[in-house]
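Before any comments, here is the structure.
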Amino acid sequence: MPSELKIVNGRVYDPANHINGDVQDICVRDGKIVDSVSKSVTKIDAHGMVVMPGAIDIHCHIAGPKVNLARKLMPEDHRLDVHPKTAVTRSGTGGIVPSTFATGYRYATMGYTTAMEAAVPPITARHVLEELDDTPVIDKGFYVLLGNNAFLYKLLKEGRKNEFKEAIAWWVNSVHAYTVKLVNTGSDELWKGRKNANITDVNESIDHYDITPVHVMESFIEAAHELGLPHPPHIHCNNLGHSGNISTTLDTMKAAQGRRVHMAHIQFHSFGGELNKNPVSGAREIIDYINDHENITADVGQVMFGKATAMTADAPLAWMLRNVKFDKWVNADTECESGCGIIPFSYQESIYTHTLQWAMGLELFLMSKDPWRVLLSTDHPNGGSFMNYPKLIKLLMDSAYRKEALKHLNQKAVDKTVLLELDREYTLNEIAIITRAGPARALGLMNKGHLGVGADADITVYTEEDDKEKMFNAPRYVIKDGITVINDHEFATDHKGKILHSKPGYNEEIAAEIEPFFEDYYSVRFSNYAISDDYLHDHEEIPTHPKS
Amino acid sequence: MPEVIQSKPKEKKNIKIVKDATCTFCGCVCDDMELTVDLDEHRITKAKNACVLGRAWFYEHVLEDRPVVLIDGKEATLEEGMDTAAQILVDAKFPITYGLSDCTCEAQRVAVDIMDTINGNVDTTTSVCHGPSGMAFQGVGESTATLGEIRNRADLVIYWGGNPAESHPRHFTRYAVTPKGMYIPNGKKDRTVVLVDVRKTSSTPVADIFVQVKPGKDFEVLWALRALVKGKRISKDIEEQTGVSREMLDDLVYRMKNCQYGVLFLGMGLTMTRGRHFNSGAVYSLAADLNEFTHFVAKPVRGHGNVTGADNVVSWQTGYPFGVNFNRGYPRFNPGEFTTSDVLARGETDAAMIIASDPASNFSRRAIEHLAKIPVITMDTKETHTTKISKVRFAVATYGINTGGTVYRMDDVPISLRPAFDSPFPTDQEVLEGIRQRVKRLLTGSKARTAF
Ligand code: SF4
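Shown next as structure tokens:
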């Protein structure tokens, strides 16, 4: 018997299908949205409620070695926020870096049904897939870190563009990634090989490779374009957190030359001012450029006051923060592939830079002209926990609330921004875009982020409230793959989401080029590196669109 | 994956070669084994690339003619075994599980689930080896690296409190001393190797510099090094206190600050002697401090084949690496309170499920006495002191030899196993899944244990 469901009388926000708060019924059969269902179907009466597609987090850090190191690092944080089990769900611990089960359930309790882990060194991808298999309810995928890859650098140095493209495709396939991720391009070699140095200019040479970060980024953008990856290279720019980094960010966006690129957590890359002096807001320059360039998508990486954790493949950045905070610090070098730094952090209202960052994030949102391309994230847990999203939505939707909040912050920093002049309030439709339809489009997820016929039946139903934080904090119903996982605010059942990945086509002969490099420089055997399909469990291959 | 080649050479033996198989005997988790398997006799006749320990591990593995399940010493079916085990766990007020470092992550994940379901206690052998390093990590963090990075870059390699030549024979040759790497073109010639220990061992000959510390004085030496690195004064009688001269300390500090990429490997000589997590914390802090001058990492040399996997699984499922208690329906962590040797010694538990470990041979007398009084379920590949006192005993297949699955090397790199030949015995994972299914069935509906 097919499993059917009908959500009736709700106000539907489905921007991809131009439905803006109209009262409509949504029909579900076997995990998909359909035109109609049988009369005797189970109904959810959503009268007085808002119906949206399940939300999608395009950039977060929720699984894998760095996340697990951060979990191990902070028992003091877990014990303050336990996650008890229920009759149908597993227990766990919360805090700024929750256990896997708590992560999945907590995303679901905010109406999120998909989340993308944003930074995975390929050699550890097996670990990520194991953790994602223990991350319930949501669908998930990950971006593989290739922007500091020693073998790919060698190919670029030798000018072998075609092999470079083939090797990228080999890596994405071998580890079941969704797309490629570049972090502080070029920095790993200097960090590990030159006593903790860092790239300061995207046009400088990456040590003995005789290539520049800009050249590397251009090459990735071009290769991803040709491979037709569903989501373009996801770039964490150089010079994160340094005053005046807007010039680096602008140079990076220009390197795309009109091709698709995703700029991760742009708030952290919108610092004006001079190096080694207090930053000022450069949000205007960055958002103007994005507004004018349709090839660019971005997530904001809003900071929220309170606990955070710097958890990044940008090891020099974590080191810089360590020397500000002198807190416990983790560094983890991954052979030939990546670096990593972790440091517990907190954003405080009284601190100039923290207030400035908070305000810059909101400036970016409020000055964005195209909600489809400037998407909601906190770069969890870097800018704060994903559990802050409802509060962030309220900040965007309620200008009186925002202005009240501003009174309690560092006024010197507030004066350096134009936030007081921005009266814009996001509409529910725009919220549905920056949390659902927009991320789905940026990711190339045709069956998500909307409620049209054929879409995945990932649906959230909220009781409409004036207080938008309260509203988005606790959906009344969450339906995942057509199954009512949260029913009247309570977990009705457990659910396993699936892995989303892409399989760009490539010439298999490239493996023979890569293998000798493994013999020389890797500590695992080449034949043990690629990950078997067994680790995928439930999964969906998202099609690529290669350019011939 | 073309690694399995079947052939029938002259003597008409059914021989199989498995390339790039993995040895799980120690935390090196070498994945370059070439195993020759005699399929008629069900044993491995050659293990190319294995060290002496690895060879023994592979060669000694023969399929013994033993019952799969014994209940109270009497042969029983697998189903009866799983039924009885589930009933014991459900009936207990404070059930525990322990071991887990010599089975796959897939099995470990099920074991934690069972304890979550019954509000039990989960602990691994980490609590009796590098648990103190885990606690030190929680305190100060760690600068670390995968072993391949060390192979490629480390020009200063310091081993402290360990004897890898005996415990991890290929650590020197495969990862950290002799191999050539990307920036170490001449192998050992390009590295300086330092060994710090309380006595000379079979590892000493590999070292360019041997530093002998008075027993129990590691912390003092480490702290003096930290002070010198930071340009602080140290006590004049340091040599008297620790056995290490000021000149030696100055030389070490100079080398550490001026190397290109340094690594400190810590052994159990630090974690299981006076100082424990203070010692590990001092190593981590020293390595972190040195990053103000150069690039420096530290790394515990972990023992069991998948103890690192156990740390990872327990951490991602609960937030804590070992010594985790679910009595209240959510995880709590407290070493000393929820670590198995302590739980047993205080006589608190009334049922134990021991997986791939032999606490009855190495725990304290009081802990063993208590273990002998309560119903014990064991899963092991061979007879041990613990299997002998168990009420339900499962003979299981050997991971890496008879089963696939995932293990984590000591540097957190996950590796998939390639089984050499089939075993008539079930895997840990299969037994645990059977027990989990039964436990969940016994605790359905209103019987489900929830949080309080
Ligand atoms: S070093 Fe350890 S893992 Fe490697 S072969 Fe020897 S016993 Fe096996």
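Protein chains in written order, with the working numbering: chain A, -12 to 535; chain B, 998 to 1449.
Each residue gets a CB set at the ideal place from its N, CA and C atoms; glycine is no exception.
It should be emphasised that the depicted structure is a prediction, and the values quoted were computed from it without experimental measurement.
Per DSSP, L487 of chain A lies in no alpha helix (DSSP H); the unbroken beta strand (DSSP E) holding it starts and ends at 486 to 488. Distance between V1218 of chain B and V1410 of chain B, taken at the CA atoms: about 31 Å. Its Cα nearest to that of L143 of chain A, the residue A:H202 stands out among A:H202, A:A106, A:K179. For S1282 of chain B, the enclosing alpha helix (DSSP H) covers residues 1274 to 1287.
At a Cβ-Cβ threshold of 8 Å, G484 of chain A and I125 of chain A count as neighbours. Taking CB atoms only, E322 of chain A has a neighbour in chain B less than 8 Å away. Annotation: the stretch 213 to 283 of chain A contains the following complete segments of the alpha helix (DSSP H) (minimum length 4 residues), in chain order: 233 to 242, 270 to 279. Secondary structure of V1428 of chain B (DSSP, three-state): helix. C-alpha of I253 of chain A to C-alpha of I283 of chain A: approximately 12 Å in a straight line.
One alpha carbon belongs to L(-8) of chain A, the other to R16 of chain A, and they sit about 7 Å apart. Straight through space, the alpha carbons of P1166 of chain B and F292 of chain A are spaced by roughly 50 Å. Neighbourhood of ligand 1, defined by CB distance below 6 Å to any of its heavy atoms: B:C1020, B:F1022, B:C1023, B:C1025, B:V1026, B:C1027, B:A1047, B:C1048, B:L1050, B:G1051, B:H1165, B:P1166, B:R1167, in chain order. Here H395 of chain A is exposed: its Cβ has fewer than 16 other Cβ atoms, across all protein chains shown, within 10 Å. About 6 Å separates the beta carbon of I1068 of chain B from that of T1081 of chain B, a gap short enough to meet the 8 Å contact definition. Bridge pairing for K30 of chain A: A:K(-7) [DSSP].
Assigned with DSSP and collapsed to three states, K381 of chain A falls in helix. Counting only Cβ-Cβ distances below 7 Å, Y509 of chain A has contacts in chain B at G1145, in chain order. A buried status is given to D64 of chain A, since no fewer than 16 other beta-carbon atoms sit within 10 Å of its beta-carbon. Ranked by Cα distance from H221 of chain A, the first of A:K294, A:S86, A:S372, A:D366 is A:D366. Take V1294 of chain B, set aside five residues on each side of it, and the residues of its chain with a beta-carbon closer than 7 Å to its own are S1140, T1141, A1142, V1260, A1284, in chain order. By the neighbour-count criterion, in which a residue is buried when 16 or more other Cβ atoms sit within 10 angstroms of its Cβ, H70 of chain A is buried.
Per the coordinates, the alpha-carbon of H1039 of chain B lies some 7 Å from the alpha-carbon of V1059 of chain B.
Around the beta carbon of K315 of chain A, 16 or more other beta carbons lie within 10 angstroms, which makes this residue buried. The shortest C-alpha to C-alpha distance from A400 of chain A to any of A:G(-3), A:P377, A:I338 is the one to A:I338. Ranked by how close their Cα comes to the Cα of Q11 of chain A, the residues A:N4, A:N(-4), A:K19 have A:N(-4) in first place.
Using a Cβ-Cβ distance cut-off of 8 Å, the stretch 89 to 101 of chain A and the stretch 116 to 124 of chain A are in contact, since at least three pairs of beta carbons, one from each stretch, lie closer than that value. For W1220 of chain B and D1247 of chain B, the gap between their C-alpha atoms comes out near 13 Å. The beta carbon of K490 of chain A sits closer than 8 Å to the beta carbons of V159, N160, E528, T531 from its chain, once the five residues preceding and following it are set aside; these are given in chain order. A distance of 8 Å or more separates the beta carbons of I110 of chain A and T299 of chain A.
Proximity of G1316 of chain B to chain A, defined by a Cβ-Cβ separation below 8 Å, is satisfied. Residue pairing by DSSP places N318 of chain A opposite A:G328, B:S1140 in a beta bridge. Against E1139 of chain B, the close residues of chain A are V317, in the order they occur along the chain (beta-carbon pairs closer than 7 Å).
A direct Cα-to-Cα measurement between I1041 of chain B and G1300 of chain B gives close to 23 Å.
With its beta carbon at least 8 Å from every one in chain B, A400 of chain A lies outside the interface. Note on geometry: alpha-carbon atoms of L1222 of chain B and H1127 of chain B lie some 22 Å from one another.
Contact between L1267 of chain B and S1282 of chain B fails: their C-beta atoms lie close to 13 Å from each other, not under 8 Å.
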